[in-house]
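The numbering used here puts the first residue of the sequence shown at 8, with every later residue one more than the last. Using N, Cα and C, we set each Cβ at its ideal position, and we do this for glycine too. As structure tokens, the structure follows; a few thoughts come after it.
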Amino acid sequence: MGKKAKGSRKGKKAWRANISTADVEDFFEKSTKDALSGGSLSHLPTQSLVFVDKSKDLSVRRKIEKHREKVLRVDSVLQQNPFVEAVPSSNPKPLKKHKKLPPTQPGSSAITPKEGSSMVDIWDDPAATDDEAKKASKPSLIPAVEIEPPGCSYNPSFEAHQDSLAQAVAEELQKVYKDELGPQPVPLTVPGQLVSEEDMFFLEADTGNDVDDGDDDVDGEETMNSAQEKRSAKTKRVTRVELNKRARLKEQKKKEAEAKKKEELSKEIDALPDIIQEITKEDEEKEKRHVRRIVAKQERLKTRPPRLGKHKFEPAPVQVLLSEEITGSLRKIKVGSHVFV
Numbered sequence: 008m009g010k011k012a013k014g015s016r017k018g019k020k021a022w023r024a025n026i027s028t029a030d031v032e033d034f035f036e037k038s039t040k041d042a043l044s045g046g047s048l049s050h051l052p053t054q055s056l057v058f059v060d061k062s063k064d065l066s067v068r069r070k071i072e073k074h075r076e077k078v079l080r081v082d083s084v085l086q087q088n089p090f091v092e093a094v095p096s097s098n099p100k101p102l103k104k105h106k107k108l109p110p111t112q113p114g115s116s117a118i119t120p121k122e123g124s125s126m127v128d129i130w131d132d133p134a135a136t137d138d139e140a141k142k143a144s145k146p147s148l149i150p151a152v153e154i155e156p157p158g159c160s161y162n163p164s165f166e167a168h169q170d171s172l173a174q175a176v177a178e179e180l181q182k183v184y185k186d187e188l189g190p191q192p193v194p195l196t197v198p199g200q201l202v203s204e205e206d207m208f209f210l211e212a213d214t215g216n217d218v219d220d221g222d223d224d225v226d227g228e229e230t231m232n233s234a235q236e237k238r239s240a241k242t243k244r245v246t247r248v249e250l251n252k253r254a255r256l257k258e259q260k261k262k263e264a265e266a267k268k269k270e271e272l273s274k275e276i277d278a279l280p281d282i283i284q285e286i287t288k289e290d291e292e293k294e295k296r297h298v299r300r301i302v303a304k305q306e307r308l309k310t311r312p313p314r315l316g317k318h319k320f321e322p323a324p325v326q327v328l329l330s331e332e333i334t335g336s337l338r339k340i341k342v343g344s345h346v347f348v
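The following block contains the structure:
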């Protein structure tokens, strides 16, 4: 583009039109900025323009404390909220061993070594501490001691001795009868004669022919039946009337099955009280059987120890002496003598 053509200033009107107004516009723009920013700096007082920075006079310790007073976000979350109830914690009960500790005697040492410490009281009695540390065991229920009959004594009366002797003989005879009359065990070997190879061949041949003849008869009957069925299937033709009849019969059977099912369901609903009563009776019977089983087990434990293996408990034989072995004195009694040992 070319330069802008300058206006002519020959006339008064043209001279006024070409006067520059840039300084006036700059003044108005500056005054507007000063009004928006709070006023001109030349009209502001000196105190508002200058201030003294006293932040350097604070001590380092105060700065650290002020920094520590700030609460982090994670800490504020974990702080106790007055609107949320705290979870109740169980109070631990005092240990029994602390309750049962004996009071310290005036002459005893004041040093109480901690657990895991190498300090040991040289005047302490280790045996006493071991006894105190033992836990008191609960008394266990055991069966009473069985006393042998008076006939088993070293100097029994004649009647008591005969009764004990008869009891021992009866027990031994019962064992003998049980072995003799009991079921015989399965023999390991069975007596018999060996069959030779020729006899075995003839036996197999006889059984094979019989089986083959029977199979041939069965196969013949099956082939005849299948041929008749094929012939009847080819000759007979199903009509529309027969198809309709079959459809009606099928629909009727379906309705009868649904009606029967509904009837059975209604019967079961009506029988609910009886079923509940039967269930309660079964539960009562189970409970009674359980109680009887527990009582029977307790009674067995009174007469024999609990079973630990596959072998049954066999009570020891009666320790009774013969008439010749009764001496009437403990000094003359024969040691280890028993009739049935």
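Classify residue 74: buried if its beta carbon has 16 or more other beta carbons within 10 angstroms, exposed otherwise. Under this definition residue 74 is an exposed residue.
Span of the alpha helix (DSSP H), counted from its first residue to its last, around residue 280: Note, residue 280: alpha helix (DSSP H), 279-310.
Where the alpha helix (DSSP H) through residue 184 begins and ends: First-last of the alpha helix (DSSP H) with residue 184: 165-188.
For residue 335, does the three-state DSSP call read helix, strand or coil? Three-state result, residue 335: coil.
If you draw a straight line from the alpha carbon of residue 271 to that of residue 263, how long is it in whole angstroms? Those two C-alpha atoms are separated by around 12 Å.
Would a C-beta distance cut-off of 8 Å place residue 178 and residue 324 closer than the cut-off? Result yes, Cβ atoms of residue 178 and residue 324 sit closer than 8 Å.
By DSSP, does residue 244 sit in helix, in strand, or in coil? Coil.
Can you find at least 3 beta carbon pairs, one from the stretch 328-344 and one from the stretch 154-167, that sit closer than 8 Å? Counting C-beta pairs with one atom in each stretch, the stretch 328-344 and the stretch 154-167 have three or more that are closer than 8 Å, which means they touch.
Spatial distance of residue 218 from residue 191 (CA atoms): For residue 218, the pLDDT reaches just 47, beneath the cut-off of 50, and the residue's location in the model is therefore unreliable, although a value from the coordinates is still provided. So the alpha carbons of these two residues sit roughly 38 Å apart.
Using DSSP with H/G/I as helix, E/B as strand and the rest coil, what is residue 5? The requested residue 5 does not occur in the structure, where the chain is confined to residues 8 to 348.
Tell me the DSSP secondary structure of residue 260 in three-state form. Helix, per DSSP.
So the alpha helix (DSSP H) residue 39 belongs to, where does it begin and stop? Note, residue 39: alpha helix (DSSP H), 29-44.
For residue 157, tell me which candidate among 251, 337, 169 and 315 has the shortest Cα-Cα distance. Comparing alpha carbon positions, the residue from 251, 337, 169 and 315 closest to residue 157 is 169.
For my contact list, residue 155 and residue 284 are in at a C-beta cut-off of 8 Å; report their separation, rounded to the angstrom. About 53 Å; that fails the 8 Å criterion.
Using the rule of at least 16 other Cβ atoms within 10 Å of the residue's Cβ for burial, across every protein chain shown, is residue 348 buried or exposed? Residue confidence is low: residue 348 scores 45 on pLDDT, short of 50, so the model does not pin down where it sits. No coordinate-derived value is stated.
Under three-state DSSP, which class holds residue 158? Residue state, collapsed to three classes: helix.
Taking 8 Å as the CB-CB cut-off, is residue 301 touching chain D? Reference to chain D is not applicable here, since this structure consists of a single protein chain.
Drop a sphere of 10 angstroms on the beta-carbon of residue 117, count the other beta-carbons inside from all chains shown, and report buried for 16 or more, exposed for fewer. The predicted model places residue 117 with a pLDDT of 49, which falls under 50 and marks its position as unreliable; any figure quoted below should be read in that light. With fewer than 16 Cβ atoms within 10 Å of its Cβ, residue 117 is classed as exposed.
Does residue 175 pass the burial test, meaning 16 or more other C-beta atoms within 10 Å, or should it be called exposed? Buried.
The alpha helix (DSSP H) enclosing residue 80, as first and last residue numbers: Note, residue 80: alpha helix (DSSP H), 80-85.
Go ahead and label residue 328 buried or exposed: buried means 16 or more other beta carbons lie within 10 angstroms of its beta carbon, across all protein chains shown. Buried is the label assigned to residue 328, since at least 16 other Cβ atoms lie within 10 Å of its Cβ.
Burial state of residue 147, where buried means 16 or more other Cβ atoms lie within 10 Å: With fewer than 16 other Cβ atoms within 10 Å, it is exposed.
Could you please give the first and the last residue of the uninterrupted alpha helix (DSSP H) stretch that includes residue 71? Residue 71 -> alpha helix (DSSP H) spans 67-75.
So what does DSSP say about residue 329, is it helix, strand or coil? Coil at residue 329, not helix or strand.
Using DSSP with H/G/I as helix, E/B as strand and the rest coil, what is residue 253? Taken through DSSP and simplified to helix, strand or coil, residue 253 comes out as helix.
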